[in-house]
Structure formats: structure tokens, C-alpha cells
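Chains A and B, in that order, give the protein sequences. Quick note on this note's numbering: the first sequence kicks off at 491 and runs consecutively. Quick note on this note's numbering: the second sequence kicks off at 1167 and runs consecutively.
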Amino acid sequence: MTFEQIYQQSVAEWNALWGGDKPCILVGAATCGRAAGALDILEVIHEELARQRIEAIVIQVGCIGLCYAEPIVDIIKPGQPHILYGNLTTKVVPQLIEDYLIKDNPRPDLALGYIGEGKLDGIPKLFELPVLKPQKRLILRNCGFIAPENIKHYIANGGYSGLVKALGMTPGGIIREIRKAGLRGRGGAGFPTWQKWSLCRRSPGKDKYIICNADEGDPGAFMNRALLESDPHSVLEGMVIGAYTIGANNGYVYCRAEYPLALERLTVALRQMEEYGLLGDDILDSGFSFHMEVKQGAGAFVCGEETALMASIEGKRGMPRSRPPFPASSGLWGKPTNINNVETWAGVTLIMQRGGEWYSQYGNEKSKGTRTFSLAGKVRRTGLIEVPLGIKLGEIIHEIGGGITASKDFKAVQTGGPSGGCLPATMIDSPVDYESLTAAGSIMGSGGLVVMDEDTCMVDIAKYFLSFTQAESCGKCVPCRVGTRQMLNILERICNGDGAPGDIELLEKLANTVKSTSLCGLGQTAPNPVLTTIRYFRDEYEAHIKERRCPACVCKKLISFYILPDKCQGCGICLRDCPAEAISGGKKMIHVIDQSKCIKCGTCLDVCPTRFSAVVKVSGKEIEVPEKPIPVGTHFNHNLG
Amino acid sequence: MGNNLSEILTCHKKRRESLIPILQKIQDKLGYITRGTVSEVAEYLKISESEVFGVASFYTGIHLTPRGKYSVKVCEGTACHVRAGERILDEVERKLGIKHDEITGDGKFSLERVACFGSCALAPVMVVNKDVYGHMTVSRVAEILRKYR
Chain A
491 MTFEQIYQQS
501 VAEWNALWGG
511 DKPCILVGAA
521 TCGRAAGALD
531 ILEVIHEELA
541 RQRIEAIVIQ
551 VGCIGLCYAE
561 PIVDIIKPGQ
571 PHILYGNLTT
581 KVVPQLIEDY
591 LIKDNPRPDL
601 ALGYIGEGKL
611 DGIPKLFELP
621 VLKPQKRLIL
631 RNCGFIAPEN
641 IKHYIANGGY
651 SGLVKALGMT
661 PGGIIREIRK
671 AGLRGRGGAG
681 FPTWQKWSLC
691 RRSPGKDKYI
701 ICNADEGDPG
711 AFMNRALLES
721 DPHSVLEGMV
731 IGAYTIGANN
741 GYVYCRAEYP
751 LALERLTVAL
761 RQMEEYGLLG
771 DDILDSGFSF
781 HMEVKQGAGA
791 FVCGEETALM
801 ASIEGKRGMP
811 RSRPPFPASS
821 GLWGKPTNIN
831 NVETWAGVTL
841 IMQRGGEWYS
851 QYGNEKSKGT
861 RTFSLAGKVR
871 RTGLIEVPLG
881 IKLGEIIHEI
891 GGGITASKDF
901 KAVQTGGPSG
911 GCLPATMIDS
921 PVDYESLTAA
931 GSIMGSGGLV
941 VMDEDTCMVD
951 IAKYFLSFTQ
961 AESCGKCVPC
971 RVGTRQMLNI
981 LERICNGDGA
991 PGDIELLEKL
1001 ANTVKSTSLC
1011 GLGQTAPNPV
1021 LTTIRYFRDE
1031 YEAHIKERRC
1041 PACVCKKLIS
1051 FYILPDKCQG
1061 CGICLRDCPA
1071 EAISGGKKMI
1081 HVIDQSKCIK
1091 CGTCLDVCPT
1101 RFSAVVKVSG
1111 KEIEVPEKPI
1121 PVGTHFNHNL
1131 G
Chain B
1167 MGNNLSEILT
1177 CHKKRRESLI
1187 PILQKIQDKL
1197 GYITRGTVSE
1207 VAEYLKISES
1217 EVFGVASFYT
1227 GIHLTPRGKY
1237 SVKVCEGTAC
1247 HVRAGERILD
1257 EVERKLGIKH
1267 DEITGDGKFS
1277 LERVACFGSC
1287 ALAPVMVVNK
1297 DVYGHMTVSR
1307 VAEILRKYR
């Protein structure tokens, strides 16, 4: 079958979905949709359709990125626009099906928005919503709209046309096109993709390798998972294009084991590519052959580093080695190897499908194109987003993210995971691009954005990241192995209230040493969270050291819980729920926490009814409370310190 | 067990790169890597036992001790951390009476803290075998664990 025939067949199948007389129901069933109950919703939909004898097409799709509204279902009635429904429950779904599919009531109360022509009373246009309006969905164009396990859906939407175009070009021509686009590595460092490819292409040798780094290990990042689960072919197409350009005949997708659904969908996708002659010998009769397989990671953050990743594919301990030689000349099994991140490969696909010039219209001068981010933490609308590079941080957090949860104040945003840094609220107007983030002491990184509010302690965050990198350090080089441990020791003692004058300076000195002398990216960037928190939140470090006080009331050793005697009504809820049996009291008695028994779990604060709000969490002060429970109403002069 | 093992081994090429996939397959079948399997794998791939052990002990996804029938994992990713994931871990530890990386006396539950599941939008997250629980609260812990008891 020629590609033209495959394309015609795919378009026919795709159009039949929408052109028929049956309604179509798309259920978002990527990992986060599933965690929110998408598979239960799917089951209820099938049951309800059978019960009501409605004929409909039901398809599992990937993630549209509106994670805060999961589970999401998209219903398309013949001739009608898509209507997306969010926050669905198994209870409400049968009613929705009956109301919309039988009674023609589109239930605006449940709808998030609609896509397509026309106007629907009471339902907004989906892409006009504040969460989507500032976004540019290029990489994520298919996510949530096609069945990721059906290659025809991908092809019908322009899939593999980039590969067809590339196979008709010279490798040099492709490299020029990528250069024109201005694509830079999306794994973090931002190295120009065309340059990386030319180096590998020029390396002598017959056997060359292509690798996709899908070892998304940064805690707080899930962009690659979502893309692989929702549109795996968009990544794989880029890899075949890259292989053709560089002259590689074998390739690997190295995906972390924690992503079982992504692994499954990649495996299905590769099988389909082979079936349609898009992978294997003599691809689309071009004479070019390329074979690819999926390699499952085994749980090591350091394997995100390219030389460690290759060691892992070879069946060794995933430890990095010094460079040069760079993988472009000596990589997997000593052969020239080109390794790019998931999103970079998807960018290549897009550039070859739509053109380098078209791609370069997005972004700013030095950072071209769009970038996906996973927006998480204390923001109202968490999710997977895609924005043009150069967008302001504030626009992401306040418009797309809808601001901070629970009317707290925005304090910082963490970019780039354990290798990145925490940027303070004052930097809300800085553009999100490679250079600006680096200048601020952070990095673009793989794309995690974790938002923090006033309840987040920045010293605790630095300790958190350091404990992560310290545990994940492979131990090969001394600065990283010993340096991160020593830095962690200092941070632990600061958080425990045992900090000493000079600790901040010592931390800075150690951090700069680890940064400049470690062997690989893990150690070279591990100090970033510490250095940025010291740079922007030094006062918090000083409060911990000088006043033994945690301003955000997070560090357990520095906080205390008290029951305010003039507010406690003696209801007994906290007494019953306290896991440490640290609370004494009785009916209509003011309850008292025994500070020596308190484990600072915060349960009492959670369970105290809001109409009493009698439990407080404080740091650096004591509150005068009765020594023993006394009858409610007998205590009048408590001191808030 | 011997039969199971040779069945897995013969599915893989006798090459060094098969080592991690073999260990993962064995673990899927048996739950963890025993001392005995280390020597058999080494024998099959014609590499030393220390090399097999070196790899098995390097990766956190490969276990050298038994897991519980229900493996409870509490996410300690960044998003979960800022949304107080540690309190969930503390509560699971209290309810199961074990610390992380331990297994209950009856072998029913084991507990791990993991770096990130990539379900950050649902933070804090807890996973029991393959069931994912998002937006966790301390008070939901007991109720969820009860389902598996």
C-alpha cells in the first residue's frame, strides 16, 4: 500500500466517525483521567447506552490537559459541535446521556465548553476559556481528540506527512529546515537540535543509533507521559525523520517503568508502524531501513542523563561517564548516537509537517516555538499546558492556572525540577525562555512548574530537593556523592532549629563547589534549588537559624499546635482523632495538647470544626493555655504572644 | 520456581543488554529477586554474580526483598510534597504499623515512598498495586486501606 492509499483509508475511517448518524463519545483515559475515575465512567457509559438502547461510538482518547476537571468526556452528536463535560461522576453520567442524547438538552451546568461552529446557549467556547486562551496547542494538537492506539486517527490528521516529506529531501535539507525553525532541546539544556544532528551525522561509522529520552524523572513533571499516552505517533514520527537524517538504522525509546500506560501505548504504536510500512526495512519504498524498540527504565533518576541512560540500555548500572567523547561520536556501544527528549522529537514532526518558518513564528528571539509545561502545586487549575516561549510567568500562573488555591498569596514557582530553582513572586513579569530562566538561577528543565504559596517553607523545599538528588546521586564522583550529603546535613539541621551562624555561607560555598566540579548534569544542577532559595528567600533561612522560627509553619521541629481556650467548645472531635493521644479534655471541657506527646501531624487543625477554629499552628512563639482541661467559659485571658 | 525461571531466561537473548529486562520479568513473576536467581541469571548471561547484583541493587525498581501482597506507594513528588504528601505517608505508616520500605508481619502490605507518579495534578497521590488514589487526605487513608485488608 502506498502512503497515499493509507492516508485515503485513514481519512475515510476518520470522517465516518463524524459523518455518520451515531453520536460519538470520547472519554479522556490517560493516567490522570484514570486516577480520577475515567474507567468507571467508561463502564457506566457502556451500561447506560445498552440500557437505553442508544447506538453510539465510544472511544478512549488521551489527555486534553485540563487535569483539574478530570474525568472529562467529549460528546459529539451528528452535525453538532463537540461538547466537553468535566468533573463527571458515575452518578451523573446516566442522566447526562439521557438528557443530551435523548432529550436534546446539552446540560450547560455540566459542560466545560464546546468546540466547533455555532452557538450553544449557556456553554462557552472551550478555547476562549481563560485556561486555554493564552495557550498555543501545537505539540498537544491531537491530545484528547484522537484514539492514541489507532494510527489511522493520527494519519488522518496529517500524521506521517512530515516523514513522507523528509524522505523526499536530502539530510542536509532537513537539517536546514530544523535550523530555520530554531528548535532547541526540550530536555532542559536547550542545545540547538540541528547542531546536535549535524555532529552525529558527520561522525564516521556505519552503525548509528537514535534514542528518545522518555525517562521523565523530575518529580512534578508529567508532560512527556501525557504526550506519549495521548499521541505517541507524533513522537515516533520525529524519530524516524531523525534517523533518516543522521543515517541511523536502529533506535530506542527509553521510557521510565513508572509509566505503564505510556509503555503499553508505545508498544502498540510501534507494531502499527511496522504494519503500515512506516518502520522496518525499506520504509515507504524509500530504501531507508530503521528498527526501533521500547526500553523500560528501572527506576533511577540519573538515567535521564544521556550517558547514564545509554549505560542502562546496555544492561549496566546507570552511571554517567565523563564527556568528551560525546554520544554524537561515541555513544551506545561506542557508536555515534543521537539522543533527544520526547518533546524535541514531537517538535521535529511538527516542523517537518508544517515547515521551519511556520514554527519559528512562535516564541521569542532566542527561544522559538512552544513548550509544554505541567502546571501543578497550589494553583487552582492544574494541568498540562502548552504556551509560546517568552510568555510571562504571571500569565501562566494567574490566567491559565487561575491563581492560587484557597485565597493564599503566591510565593514562588519552581521550574526545572530538582535541577531548577524557585523563582519569587517579584519575577512574575519575567519571560519564560531559556536565557531568562538561566539568568534567574533556574533552568527551563523538562517543563515542570510547581506553584507554591505562603504555606510553603522555602528551606524545606530546598531540603526536599536535596534529599531527592542526594538519594539519586549515583555515587560515582565525589563532589556529588559527598557534597550533596553535606549540604543535606546542613539543611536538615537548619530545619530542625539547630542551624548555626555561618551555615548559609557554608551552604553557598559547598553548592558552588558541587556545581562546578560534578561529573554530570545531576550534580552540576543539584545545588540550584538551594542557591535560588538562598538568593530570593534568605530571610527565611535567617528566621530558621537566628529565631528558631519557620515563617511558613512547616518545619515540624519548629512549630507547635495549640487549642485556644476561648474558642474551644469541648466537642471532643480532636481528642478522638488525635493519633498520638496527646489531647486531654472532656465534654464541655477546654481541651489541651500535651506538647511532649504531640507528633505535629496537624490532624487536630484539620478536624476542628470551622465554626470554632480553635486550633492554631504557630512557630517561634508560645501561647498561654491552661495546664489541664478546665470547663468551657472559665478561661478569659489567653495570650496570642 | 526453577522452571519459571528458565522459561523467562530462554525468552531473552544471551546478551548483557537482556539483564535488566530479565530481572524485571523475574520480578513480575516472583515479586522480587532472590539470591538464587542472581546466580542463575549470571550463569545464563555468562557474567559474574557481582555484576548481576550490582545492577539489581542499583535500580530502585528492582527489589531484593519481598513485597507485600498489596504494595502501597505514597508519592513524594514536588507537587505532592507542597500539598502535604508527607502527612499521608505518616498516616499510612501509623495505620499499617510499619515504616516505609518495610512489610507487615502477615506479608499483606508493603510500603514505599516514590519520587513521582506523574499524576501531579491530583496531588497528593497514593497508589495501591495499580489503583491510583488522587487528592488524598489523611482521613481517607484508613478507609482505603480497609478495602484491601
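All C-beta atoms in this analysis are idealised placements derived from N, C-alpha and C, irrespective of residue type, glycine included. The structure presented is a predicted model; accordingly, all values stated were derived computationally and were not measured.
Straight-line gap, L978/A to E533/A (C-alpha atoms, nearest Å): Locating residue 978/A in the first sequence gives position 488, counting from the first residue. Locating residue 533/A in the first sequence gives position 43, counting from the first residue. L978/A and E533/A: Cα-Cα distance of roughly 48 Å.
CB contact below 8 Å: E1268/B versus chain A: Here residue 1268/B refers to the residue found at position 102 of the second sequence. Not closer than 8 Å to any Cβ of chain A, the Cβ of E1268/B fails to qualify, so no.
Partner residues on chain B for C1091/A, Cβ-Cβ distance less than 8 Å: Here the question's residue 1091/A lines up with position 601 in the first sequence. Residues of chain B passing the Cβ test: R1253, D1256, E1257 and V1304.
From C947/A, W508/A, G989/A and A1016/A, residue whose alpha carbon lies closest to that of I933/A: In the first sequence, the residue the question calls residue 933/A occupies position 443. Measuring from the Cα of I933/A, the nearest candidate turns out to be A1016/A.
Beta-carbon proximity list for E494/A, same chain, < 8 Å, skipping 5 on both sides: Here residue 494/A refers to the residue found at position 4 when the first sequence is read from its first residue. Once the five neighbours on either side are set aside, E494/A has no close Cβ partner at all.
I1113/A to F1051/A span [Cα, whole Å]: Position 623 of the first sequence holds residue 1113/A. Position 561 of the first sequence holds residue 1051/A. Taking the straight line from one Cα to the other gives about 9 Å.
Coarse secondary structure for H448/A, derived from DSSP in three states: Residue 448/A cannot be examined here, being either before or after the span of chain A that is shown, 491 to 1131.
Cβ-Cβ distance between K966/A and P810/A below 8 Å: Residue mapping note: residue 966/A aligns to position 476 of the first sequence, counting from 1. Residue mapping note: residue 810/A aligns to position 320 of the first sequence, counting from 1. Cβ atoms of K966/A and P810/A: closer than 8 Å.
Straight-line gap, M1167/B to G911/A (C-alpha atoms, nearest Å): For the purposes of this step, residue 1167/B is identified with residue 1 of the second sequence, where counting begins at 1. For the purposes of this step, residue 911/A is identified with residue 421 of the first sequence, where counting begins at 1. Annotation note: pLDDT 49 at M1167/B (below 50); position unreliable, coordinate value reported separately. Approximately 49 Å, taken between the alpha carbons.
Per-residue DSSP class, three states only, for P1121/A: Locating residue 1121/A in the first sequence gives position 631, counting from the first residue. In the structure shown, P1121/A sits in a strand (DSSP, three-state: E or B).
E876/A and I629/A closer than 8 Å at C-beta: If you number the first sequence from 1, residue 876/A lands on position 386. If you number the first sequence from 1, residue 629/A lands on position 139. Against a cut-off of 8 Å, the Cβ pair of I629/A and E876/A comes out as a contact.
Any C-beta of chain A under 8 Å from that of V1240/B: One-based indexing of the second sequence puts residue 1240/B at position 74. Judged by the 8 Å Cβ criterion, V1240/B is not in contact with chain A.
Interfacial residues, the stretch 1199 to 1232 of chain B to chain A, with Cβ spacing under 7 Å: G1220, V1221, F1224, Y1225, T1226, G1227 and I1228
Rounded C-alpha distance that separates R692/A from G777/A: The sequence position of residue 692/A within the first sequence is 202, counting from 1. The sequence position of residue 777/A within the first sequence is 287, counting from 1. R692/A and G777/A: Cα-Cα distance of roughly 21 Å.
Reduced DSSP secondary structure (H/G/I, E/B, other) of N986/A: Locating residue 986/A in the first sequence gives position 496, where the first residue counts as 1. If DSSP states are grouped into helix, strand and coil, N986/A belongs with coil.
Neighbourhood of I587/A by C-beta distance below 8 Å, restricted to the same chain and skipping five residues each side: Working through the first sequence from its first residue, we reach residue 587/A at position 97. Around I587/A: I535, E538, L539, Q542 and I544.
Within chain A, the residues that I1310/B reaches when beta carbons sit closer than 9 Å: For the purposes of this step, residue 1310/B is taken as the residue at position 144 of the second sequence. Near I1310/B there are no residues of chain A at all, since even the closest Cβ is about 13 Å away, more than 9 Å.
Chain B contact for M934/A (CB, 8 Å cutoff): If you number the first sequence from 1, residue 934/A lands on position 444. Not closer than 8 Å to any Cβ of chain B, the Cβ of M934/A fails to qualify, so no.
Residue burial classification, P817/A (beta-carbon count within 10 angstroms, cutoff 16): Translated into positions along the first sequence, residue 817/A becomes position 327. Looking at its Cβ environment, which holds 16 or more other Cβ atoms inside 10 Å, P817/A is buried.
Within-8 Å CB hit, E706/A to chain B: In the first sequence, counting from the first residue as 1, residue 706/A sits at position 216. Contacts with chain B at 8 Å (Cβ-Cβ) include E706/A.
Cα-Cα separation, E754/A to C522/A: Taking the first residue of the first sequence as 1, we reach residue 754/A at position 264. Taking the first residue of the first sequence as 1, we reach residue 522/A at position 32. Rounded to the nearest angstrom, the two C-alpha atoms are 16 Å apart.
Three-pair Cβ contact test at 8 Å for the stretch 700 to 710 of chain A versus the stretch 1230 to 1247 of chain B: Three or more beta-carbon pairs drawn from the stretch 700 to 710 of chain A and the stretch 1230 to 1247 of chain B are found closer than 8 Å, and the two stretches are therefore classed as touching.
Environment of N505/A [buried if 16+ CB atoms lie within 10 Å]: By 1-based counting over the first sequence, the position of residue 505/A is 15. It is exposed - the Cβ of N505/A has fewer than 16 other Cβ atoms within 10 Å.
Touch test, the stretch 847 to 857 of chain A against the stretch 1272 to 1288 of chain B, Cβ-Cβ under 8 Å, three pairs minimum: Because the criterion of three Cβ pairs below 8 Å is not met, the stretch 847 to 857 of chain A and the stretch 1272 to 1288 of chain B do not touch.
Identity of the residue in K1118/A, R1025/A and K1005/A nearest P1055/A by Cα: Taking the first residue of the first sequence as 1, we reach residue 1055/A at position 565. Checked all of K1118/A, R1025/A and K1005/A; the closest Cα to P1055/A is K1118/A.
A671/A - DSSP class collapsed to helix/strand/coil: Locating residue 671/A in the first sequence gives position 181, counting from the first residue. Three-state DSSP puts A671/A in a helix.
Contact set between F816/A and chain C, taken where Cβ atoms lie within less than 9 Å: Structure shown: chain C not included; protein chains present are A and B.
N-terminal and C-terminal residue of the beta strand (DSSP E) that L939/A is part of: Sequence index remark: in the first sequence, residue 939/A carries index 449 (1-based). Unbroken beta strand (DSSP E) run through L939/A: G938 to D943.
Closer than 7 Å at the beta carbon, the chain A residues around R1182/B: The residue labelled residue 1182/B in the question sits at position 16 within the second sequence. Those within 7 Å of R1182/B in chain A are E804 and G805.
Beta-carbon contacts of L1130/A that lie in its chain and below 7 Å, excluding the five residues immediately before and after: Mapped onto the first sequence, residue 1130/A falls at position 640. Its pLDDT being 47, under 50, L1130/A is placed unreliably by the model, and nothing is read from it.
For I1049/A and V1108/A, the rounded distance between their alpha carbons: Taking the first residue of the first sequence as 1, we reach residue 1108/A at position 618. Taking the first residue of the first sequence as 1, we reach residue 1049/A at position 559. Rounded to whole angstroms, V1108/A to I1049/A spans 6 Å at the Cα level.
Euclidean distance between Cα positions of D453/A and A866/A: Lying before the first or after the last residue shown, residue 453/A is absent from chain A, which here runs from 491 to 1131.
Chain-ordered neighbours of G808/A on chain B, where CB pairs are closer than 8 Å: Numbered from its first residue, the first sequence carries residue 808/A at position 318. Within chain B, the C-beta atoms nearer than 8 Å to that of G808/A come from F1224 and Y1225, in chain order.
Cβ shell of R597/A (< 7 Å), same chain only, five flanking positions each side left out: By one-based count along the first sequence, residue 597/A stands at place 107. So the list reads L586, D589 and Y590, once near-sequence residues are dropped.
Cβ-based neighbour list, R1182/B, same chain, cut-off 8 Å, excluding 5 preceding and 5 following: By 1-based counting over the second sequence, the position of residue 1182/B is 16. Same-chain partners within the cutoff: L1211 and I1213.
Residue from R1028/A, L622/A and I515/A with nearest C-alpha to G873/A: Here residue 873/A refers to the residue found at position 383 when the first sequence is read from its first residue. When each option's Cα is compared against that of G873/A, the closest is L622/A.
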